[in-house]
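Engineer: Got a structure for you, questions after.
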Amino acid sequence: MLAQSLAAGLDQFLTPLTLTLTTLGVIFGLIVGALPGLGPLMGIVLMLPFAVDMPPVAAMGFLLAIGVGGSCGGSISAILLRIPGTPLAAATLFDGYPLAQKGRAADAIGIAISASALGGLFGGLVLILAAPVLADFASNFSPPEYAMLALTGLIAIAVVSEGSLLKGLMTGCLGLLIATIGTDEFSTGFRFTFGSFEMLNGFHIVAIVVGIFAISEMAHQVQGNDLNQKSDVKIVRPGFRTLLITLRHWKNLLRSSTIGAAFGALPGVGGTISTFASYAVAKAFSKPEDGYGEGAEGGVVATESANNATVGGAMVPTMALGIPGEASSAVLIGAMLILGFFPGPALFEQRPEIVGGVFLVYLFSNISLLIVGILATPAFVWVLRLKKSYLIPIVLLLCAIGTFALQSSVFDLWVMMGFGILGLLLRNAGYPLAPLVIGVILGPLLENNLRRALLISREGYWIFLDRPVSAVLVAVNIALIAGAIYWTIRQRRERDVRATAQSEG
Amino acid sequence: MSIGKRHVEWLAVALFLAVIGLVYQQAATSMAEQGIASGGPYDNAAAYPKTIAAVLALLTAIQALLQILRARKTKAETGVPLGQLARPASLVLIFAAYLAALGIAGYHIATPIMLAALMMLCGIRRPLAIVVPAVLISLGLSYVFEAWLKIVLPGGLLHLNIAW
């Protein structure tokens, strides 16, 4: 199945359009990753409207490459400005910035890019090898398993999202409800449309995603006071010899990439946790003379390889099951839906050329990252000098025209704006936004399979426990919630004990 | 006068309650009138949203309870001054005005004005540093969309579109 997919995908991949767009995606990803406050998710969100009219593999190459470039770009500002462009690069600060302070900024950036590309390639191999196996296993799934799987994906994201479990579950439920707006597939009745013709098909996923993430983020950023500040960073030029420096740390590279890919494959865990975990492991394996925390090359290798390997790992459940591992994957699933295909076991059987094409563009985006990243670093460093007072209006305009372009609909713009306000409110109240988007994406999958399962069982809920895989997933869901509640209570108790000790001492 | 996270949290709870209320109201009125609020899994389109809303209601009740308990335990917080929220609120208002103006004035008139207003909001004060980028960004993006992607941007009542 794998060889067949790759062979079928080669034609889709080897086109000038796909190769160009993938390279452009890497460049755009590096830019949005380097700019603090944007990041790979925002990059994918901003370019989503552009991608929907492209051929599927080219579009996926473009969007995936933004994710790949964006995951690496954050390290540039982390190393040069001591401000991680994205949370993914937070752990790169530990050694990247001290390395730059020692006069080796170009080396630090070169190592970060090389490690990201190699980690990303490792993640790609994991994706290519694991996704078909998982898809093959899932091909026997029926509605009860799918319903429980969708629920597991949503609960896992809610459990590990920033903020409380409760708030994550609440925004997840809100997402599920938003997904019900429009025409009901089973009864063809109208739900929550309020007689509006424009709401018969529900809200466009791009309008929701752009509003929730981009508009709310921009509104949040104008609350800060340093919008006119210009960063005075010096241009650095890394060379390809940094690839050799990175390869000298091959054990660390392999270990950190494995951690990254494994964490990525677990729904909800994501890159930030994997980078900190791999840094901790690399530090534990290091010798004192390696000087972790004082500018160790190994520290940059560990965090950057892990964070890009996570992208490949996260694509495993996304491609094989249609279950997003985190917010970026959810947006990518949204893109796939708009492009006319739904990830999952059926895609592996029915459209192997798309599966193979996606695998190949993912690998190519990492090779592009290595070449373009190192050659064009001075340009990305220059971008860091952009003032937010120009960046915010540009991003907002891009959001508006991009969303309008989808259906030439001003209604979509109002939807985008409404979700922007909703996102701003939820963000300020400490609610995570990723579960909401994942709820919107998984909502139809959950509802349709839930109702089909109930039809099959003649309305008995026991069907979810009668089938082994479904029963295991029910147990996983219960364990996830119980574990998260236990963890929250324990953390709260420890915090109370510390507070009491402080007040007494 | 300031607004604390606690106030915003209550606002969010109110929003969730409104959503729950809306789901049940719609199930009892619009969906019942269409005959899709009863029957088995195939016919009953209201059962799933009602179930999710019920779960959300339970979670919202727990969240509200936690907020009440936390309010009793902790001291009053120093909130964000309302003035500090003026900028995000202004951004939303400028953007809303832009969306409203798009259909009337069209992209080419409304966009540079919106960009200029946003730049001023973000702290740029020199007229030249506002006007030139606003016009160039607006024209640049319209070129990308209209000439390359063949998207017809809103022309407004005057049907203002550039034939690139």
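In order, the protein sequences belong to chains A and B. Going by our numbering, the final residue of the first sequence carries number 505, and the count climbs one at a time with no gaps. Going by our numbering, the final residue of the second sequence carries number 669, and the count climbs one at a time with no gaps. Yeah, the Cβ is synthetic: ideal placement off N, Cα and C, and Gly gets one too. Here the structure is a predicted model, which is why all the values come from computation and not from measurement.
Which residues does DSSP list as the beta-bridge partners of isoleucine 191 of chain A?
Structural biologist: Reading off the sequence, residue 191 of chain A comes out as arginine, not isoleucine. According to DSSP, arginine 191 of chain A bridges with A:Gly182.
Engineer: Nearest-angstrom Cα distance between glycine 298 of chain A and isoleucine 113 of chain A?
Structural biologist: 13 Å
Engineer: For aspartate 290 of chain A, name the three-state secondary structure that DSSP assigns.
Structural biologist: helix
Engineer: Quick check: is the beta carbon of glutamate 349 of chain A nearer than 8 Å to any beta carbon in chain B?
Structural biologist: no
Engineer: Does asparagine 228 of chain A come out as helix, strand or coil in the three-state DSSP assignment?
Structural biologist: coil
Engineer: If distances are taken between C-alpha atoms only, which option among A:Ile83, A:Ile205, A:Val206, A:Ala179 comes closest to threonine 193 of chain A?
Structural biologist: With distances taken between Cα atoms, threonine 193 of chain A lies closest to A:Ala179.
Engineer: Give a yes or no on whether the minimum CB-CB distance between tyrosine 553 of chain B and chain A is below 8 Å.
Structural biologist: yes
Engineer: Cα separation between isoleucine 609 of chain B and isoleucine 438 of chain A?
Structural biologist: 36 Å
Engineer: Using Cβ-Cβ distances below 7 Å, what residues of the segment 596 to 610 of chain B are close to chain A?
Structural biologist: Leu596, Val597, Phe600, Ala601, Leu604, Leu607, Gly608
Engineer: Out of A:Leu445, A:Leu426, A:Trp462, A:Arg385, state which residue places its alpha-carbon closest to the alpha-carbon of leucine 80 of chain A.
Structural biologist: A:Arg385
Engineer: Return the first residue and the last residue of the alpha helix (DSSP H) that methionine 47 of chain A is part of.
Structural biologist: 40 to 51
Engineer: At 3 residues or longer, and completely inside the segment 598 to 647 of chain B: list those beta strand (DSSP E) runs for me, N to C.
Structural biologist: none
Engineer: Report all residues from its chain with a CB closer than 8 Å to the CB of valine 233 of chain A; omit the five preceding and five following residues, and keep chain order.
Structural biologist: Leu80, Leu81, Val381, Leu384, Arg385
Engineer: Hey, glycine 61 of chain A and valine 361 of chain A: beta-carbon distance below 8 Å or not?
Structural biologist: Yes, the pair counts as a contact, with Cβ atoms nearer than the cut-off.
Engineer: Along the chain, where does the alpha helix (DSSP H) that runs through glutamate 504 of chain A open and close?
Structural biologist: 468 to 504
Engineer: Just the Cα atoms here: how many angstroms apart are tyrosine 431 of chain A and alanine 591 of chain B?
Structural biologist: Rounded to the nearest whole angstrom, the C-alpha separation of tyrosine 431 of chain A and alanine 591 of chain B is 22 Å.
Engineer: Checking contacts by CB at 8 Å: is serine 389 of chain A closer than that to chain B?
Structural biologist: yes
Engineer: When you compare the CB of valine 45 of chain A with every CB in chain B, is at least one pair closer than 8 Å?
Structural biologist: no
Engineer: Going by alpha carbons, who is nearest to alanine 89 of chain A out of A:Met47, A:Ala34, A:Asn140, A:Ala219?
Structural biologist: Among A:Met47, A:Ala34, A:Asn140, A:Ala219, the Cα nearest to that of alanine 89 of chain A is on A:Ala34.
Engineer: Given arginine 351 of chain A, which residues of its chain have a CB within under 7 Å of its CB, disregarding the five upstream and five downstream residues?
Structural biologist: Phe341
Engineer: By DSSP, does valine 222 of chain A sit in helix, in strand, or in coil?
Structural biologist: coil
Engineer: Between which two residues does the alpha helix (DSSP H) carrying isoleucine 212 of chain A extend?
Structural biologist: Careful: isoleucine 212 of chain A lies outside any alpha helix (DSSP H) and carries neither H nor E.
Engineer: How is tryptophan 462 of chain A classed by DSSP in three states: helix, strand or coil?
Structural biologist: Coil.
Engineer: On the three-state DSSP scale, how would you describe leucine 17 of chain A?
Structural biologist: helix
Engineer: By a C-beta neighbour count over all protein chains shown, 10 Å radius and 16 as the cutoff for buried, is glutamate 514 of chain B buried or exposed?
Structural biologist: buried
Engineer: For the segment 206 to 236 of chain A, enumerate the residues whose C-beta is nearer than 8 Å to any C-beta of chain C, in chain order.
Structural biologist: Absent here is chain C; the protein component of the structure consists of chains A and B.
Engineer: Helix, strand or coil for proline 84 of chain A? Go by DSSP, reduced to three states.
Structural biologist: In the structure shown, proline 84 of chain A sits in coil (DSSP, three-state: anything other than H, G, I, E or B).
Engineer: Hey, is arginine 498 of chain A's beta-carbon within less than 8 Å of any beta-carbon in chain B?
Structural biologist: no
Engineer: For the segment 43 to 55 of chain A against the segment 13 to 30 of chain A, do three or more pairs of beta-carbon atoms, one drawn from each stretch, fall closer than 8 Å, so that the two count as touching?
Structural biologist: yes
Engineer: Please compile the residues from chain B whose C-beta is within a distance smaller than 8 Å of the C-beta of serine 408 of chain A.
Structural biologist: Ile656, Val657
Engineer: Since isoleucine 573 of chain B meets chain A, which of its residues come closer than 7 Å, beta carbon to beta carbon?
Structural biologist: What isoleucine 573 of chain B touches in chain A: nothing, since even the nearest Cβ is about 14 Å away.
Engineer: When the cut-off is 8 Å and only beta carbons count, does isoleucine 667 of chain B lie next to chain A?
Structural biologist: no
Engineer: With a 10 Å radius around its C-beta and 16 neighbouring C-beta atoms as the bar for buried, classify aspartate 412 of chain A as buried or exposed.
Structural biologist: buried
Engineer: Please tell me whether threonine 534 of chain B has its Cβ less than 8 Å away from any Cβ of chain A.
Structural biologist: no
Engineer: With the cut-off set at 8 Å, would you say methionine 624 of chain B and isoleucine 599 of chain B are in Cβ contact?
Structural biologist: no
Engineer: Please return the same chain residues whose Cβ sits closer than 7 Å to the Cβ of leucine 450 of chain A, not counting the five positions on each side in sequence.
Structural biologist: Counting only Cβ-Cβ distances below 7 Å, and skipping sequence neighbours, we find Ala147.
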